[in-house]
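Protein chains in written order, with my numbering: chain A, 137 to 641; chain B, 178 to 485.
For each residue, glycine too, the CB sits at the ideal point set by N, CA and C.
See structure below.
Here it is as structure tokens:
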């Protein structure tokens, strides 16, 4: 037997319940376009008096209406994990793809304006010189074509260097690290980890007070998604409502504290930036996290800017250009030093070997430091193209028309150079470019595949967490009618009480 | 297959499809605007290798063809010089025969000597023929005229000696040809008071000497007449050498030009688009995009809200 006013309490509770559910529906509809919002659902259960006695007959479980036990979010934890893993891979390939396209554009040979085109013109100019060796115009042409070639090598190399620097800075100049991609990403990860720890803190407190901080949970899930794009983390939900985030066994966030902080320092020529994980007092937990970050955007940045010979790296292309510069200049210089040039100061001009200049030199005029970035035409030859040793060593001093050595230089085109793995210079370029092409092609294919997978997973997730207007409308009508019914009961109970009161008084 | 469709699901799905439609459209537009099937090696590595190798081969052929052109012009210049000399050589032969004629007196012989001197001068000038800035009959000494007259009546040849005079031009991979003939083998010379004498100029100079002397030795003239015939043969065979060189160059030139065409074809096959196909693909894609957009507009709108 319940109390007289019991019915009023029941009806009132019912009205509140329906009002609350309508509020939830309102919230869902308002947030239909909010990114990261999970549809909220009232878990309605029967409310019982809850008095439990050890004596069976006295135990009463009177139903006292309905109550909202909790407001839960539509969420599939397994799907979330799957999505984050795939998103990690997707971001990894996306970053690799962007950079591989840039590399291809820098070393573009397909449009025939690249290094092979400059080589061709240089060879051709030498070939023309061979048939008219004392013609100043032809000699100057050789010099101009040589300058075009060295400039091409310089620029191509420098552009690659700049690309690498934008990713990981220049290890010889530590201040370039600040604006590098790796540092920007590491800083952002640290911020987000910190935010997650803070949110977890609030969630723990809030849950212990019996509230369901759905907004905070949504925020945290969004941050977890974003972190997964950067690095392939393992996320575990703890019972107290917090999450643990670890990377390859190293704990980054545990409970309400961030335990791992990313820092970036200057490295070496192979890996210009070193990624480290520190604890909150700055002590080093992981001195080189390169091997831990095997996916995600950060993983791609480190890989592209590193020197793993099995992958496509900017350095490998730079090294190829260096090798080409050294071997090619050596081949031409050897011939240049073994011929005869024309001494134009003599009258009439005659062949001479008194001052033999190297054709290609470094910025000090020597050949010791020649590289793709540091290769120039000898300024002595630029100033006086007659120093090109076009004549054969055996010719007499008056035989200024001899171009046999120039012909040999032109025929370096057909020579396989040992230092290029037994390929000619032109062939070496083709090999380098097609190697880049195959690797880039594979990256692009993987990027497409991962793009499709993440699109599908995103839709699948959306189908779980999203708001459907039809559903909300249907629920709205349902609970509106319930509200009406409860209100009706309220007035009936009210009537009944009035009758009872009327009886007495 | 049951799947809960939310409003965002519909939006995302529709957008994904529109993006992929538009991407395909942009790809086609790029192809049509550039005329090329692809712009980066990674899009088609095998075709790229074909294109790059073709570029290299075409570069070489360009070079060879240019060299052949230069060689032909120089050889033709040499040929013309030789041709010009033929009249004079025949003329000098007639004069020599006339000189052997008993009726020629000293005065007539002297006049013939003067005419021979003209011929020798002309040969000297032809020996100093230039092509552009080069003296072509000096062997490898192309900067200075090979023939000069340091002593009156003598013609000195200062160019490269025959056998070490080759100027070579590359006309094909690994194939060089000698394009020149040196003056000492062609016209000869006569100096050092006759200690150095060779060839046509040598013979004619000796004949002239006899004609100028007060007592010409007809036996010497007769011997030199035989030598003159040999010299004529030398010049004629030089001409035929140059002639066959020219026809070899022509043949090589045609081979290279044919190669150019077939390599360019191969390159085009790997690189260029089929316009008709690309344009019809593009029209199809445009129609698909249109249809997509219309359908998208239809499915995004309705919800229960419209009907309550």
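Item: For residue 376 of chain A, the three-state DSSP class (helix, strand or coil); Value: coil
Item: Spatially closest choice to residue 409 of chain A from A:384, A:443, A:415 and A:385, by CA coordinates; Value: A:443
Item: Whole runs of the beta strand (DSSP E) within the segment 373-442 of chain B, excluding any shorter than 3 residues; Value: 373-375
Item: Cut-off 6 Å between Cβ atoms - residues of its own chain near residue 565 of chain A, not counting five sequence neighbours on either side; Value: 251 and 252
Item: Segment contact, 8 Å Cβ cut-off, at least three pairs: the segment 463-480 of chain A with the segment 293-302 of chain A; Value: no
Item: Below-9 Å beta-carbon distance, residue 195 of chain B vs any chain A residue; Value: no
Item: Three or more C-beta pairs below 8 Å linking the segment 294-312 of chain B and the segment 320-338 of chain B; Value: yes
Item: Residues, ordered as in the chain, of the segment 238-260 of chain A that lie near chain B by beta-carbon distance below 7 Å; Value: 240, 245, 246, 248, 252, 256, 259 and 260
Item: CB contact below 9 Å: residue 549 of chain A versus chain B; Value: yes
Item: Where residue 183 of chain A sits in the DSSP three-state scheme; Value: strand
Item: Beta carbon of residue 466 of chain B nearer than 9 Å to that of residue 202 of chain B; Value: yes
Item: The segment 335-350 of chain B in contact with the segment 539-549 of chain A per 3-pair CB rule at 8 Å; Value: yes
Item: For residue 575 of chain A, three-class secondary structure by DSSP; Value: helix
Item: Which residues DSSP lists as bridging residue 202 of chain A, in chain order; Value: A:182
Item: Residue 458 of chain B - containing alpha helix (DSSP H), residue span; Value: 452-477
Item: 9 Å Cβ cutoff, residue 309 of chain B in contact with chain A; Value: yes
Item: Classification of residue 322 of chain B by the beta-carbon crowding that lies within 10 angstroms, buried from 16 upward; Value: buried
Item: Beta-carbon spacing of residue 382 of chain B, residue 314 of chain B below 9 Å; Value: no
Item: Buried or exposed by the 16-neighbour rule on C-beta atoms within 10 Å, applied to residue 109 of chain A; Value: Here chain A comprises residues numbered 137 to 641, so residue 109 of chain A is not present and cannot be evaluated.
Item: Residue 293 of chain B vs residue 269 of chain B beta-carbon contact at 9 Å; Value: yes
Item: Coil, strand or helix - residue 544 of chain A by DSSP; Value: helix
Item: In DSSP terms, what residue 563 of chain A is bridged to; Value: According to DSSP, which records beta bridges pairwise, residue 563 of chain A is partnered with nothing at all.
Item: For residue 488 of chain A, the three-state DSSP class (helix, strand or coil); Value: strand
Item: Same chain, Cβ closer than 8 Å to residue 252 of chain B, five either side skipped, listed in chain order; Value: 356, 419, 422, 423 and 426
Item: Residue 372 of chain A, buried or exposed, once every other Cβ within 10 Å from all chains shown has been counted against 16; Value: exposed
Item: Closer than 7 Å at the beta carbon, the chain B residues around residue 536 of chain A; Value: 318, 319 and 320
Item: Short CB-CB distance (under 9 Å) between residue 358 of chain A and chain B; Value: no
Item: N- and C-terminal bounds of the alpha helix (DSSP H) containing residue 298 of chain A; Value: 272-304
Item: Spatial distance of residue 488 of chain A from residue 520 of chain A (CA atoms); Value: 14 Å
Item: Residues near residue 316 of chain A in its chain [Cβ-Cβ closer than 8 Å; skip 5 each side]; Value: 301, 302, 303, 304, 305, 400 and 409
Item: Paired residues, beta bridge with residue 353 of chain B - DSSP; Value: B:347
Item: Supposed close pair residue 448 of chain A, residue 572 of chain A - CB separation, criterion 8 Å; Value: 7 Å
Item: Neighbouring residues, chain E, relative to residue 226 of chain B (Cβ below 7 Å); Value: Among the protein chains in the structure shown, which are A and B, there is no chain E.
Item: Below-9 Å beta-carbon distance, residue 312 of chain B vs any chain A residue; Value: yes
Item: Range covered by the alpha helix (DSSP H) that runs through residue 457 of chain A; Value: 450-473
Item: Residue-level contact to chain A via CB, residue 216 of chain B, 9 Å cutoff; Value: yes
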